[in-house]
Structures are given as structure tokens and as C-alpha cells.
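Structure first, then comments.
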């Protein structure tokens, strides 16, 4: 009986550790201090990381053209400005991509 209980606990502990390691795959563990101006141009999107679940710190995760990521403190001014820049760029791109459809109706 003792052997079965201890074996079960060891297996349970191994599963817990495996699952805990997997939960940190997409989490930022520390912040970058800043970003060079020429590198800012290569940011294509960002996402917000909440400090819940498997992630220990809140962060803004910037993604570059080639898929690399950089983590920033959401309270830092450079992070807020870069988020606004990405939003503006996305909004401008979206506006250029949409075509206005004109109505060909005759007015009476």
C-alpha cells in the first residue's frame, strides 16, 4: 500500500512540474530597458500579458517582422509610445486597404 501511494505522489509531482514548465512558454520573465529607434520601425504588433495563470509579471510583448519578441514594462513611457505608434500604423494600413464603394443610383 505504501509503495502505491508513494509511486502515485511521485508521478503526480512529475506531471505538475511538466505542466508548470509548459505554462511559461509564452510568458515574459523580465523587461527590456528600451529599444533602439531604428528597431522600432520593425515592430508589427503587440499583445498584453496579464500577471495571472502561469505568467508572473504584467508585460507588453512586441513582435517584430521576423517573429522575434521583446518584453516591455507596461508602465514605461517608451512602451506606451510604441504601442500608440503600432496602433496608428495599423489604423493607417487598415484605412488604405479599404475601398469606398460609390453608389451609382440616379437621384430624382
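Residue numbers (mature numbering (1 follows the signal peptide of the UniProt record, and there is no 0)): -20 to -1, 1 to 88.
Ideal Cβ placement from N, Cα and C applies to all residues, glycine included.
Cβ-Cβ separation, residue j to residue i (assumed contact under 8 Å), whole Å
i          : j          : result
residue 40 : residue 63 : 6 Å
Close-in-space but distant-in-sequence residues of the same chain around residue i (CB under 7 Å, 5 per side omitted)
i          : result
residue 29 : 7, 8, 35, 38, 39, 41
residue 25 : 43, 66
residue 83 : Interpretation of residue 83 is limited by its pLDDT of 49, a score under 50 that renders its predicted location unreliable; no figure is taken from the coordinates.
Pairwise C-alpha distance: residue j and residue i
i           : j           : result
residue 15  : residue 51  : 10 Å
residue 27  : residue -20 : 50 Å
residue 31  : residue 18  : 30 Å
residue -10 : residue 13  : 41 Å
residue 73  : residue 47  : 19 Å
residue 55  : residue -18 : 52 Å
Short Cβ contact (8 Å threshold) for residue i with residue j
i          : j          : result
residue 65 : residue 20 : yes
residue 11 : residue 67 : no
Residues that residue i bridges to, as DSSP identifies them
i          : result
residue 26 : 42
residue 50 : 42
Own chain residues within Cβ distance below 6 Å of residue i, not counting five before or after
i          : result
residue 22 : 44, 45
residue 49 : 41, 43
residue 71 : none
Beta-carbon proximity list for residue i, same chain, < 8 Å, skipping 5 on both sides
i          : result
residue 58 : 14, 15, 52
Minimum Cβ-Cβ distance from residue i to chain C less than 8 Å
i          : result
residue 10 : In the displayed structure, chain C is absent; only one protein chain is listed.
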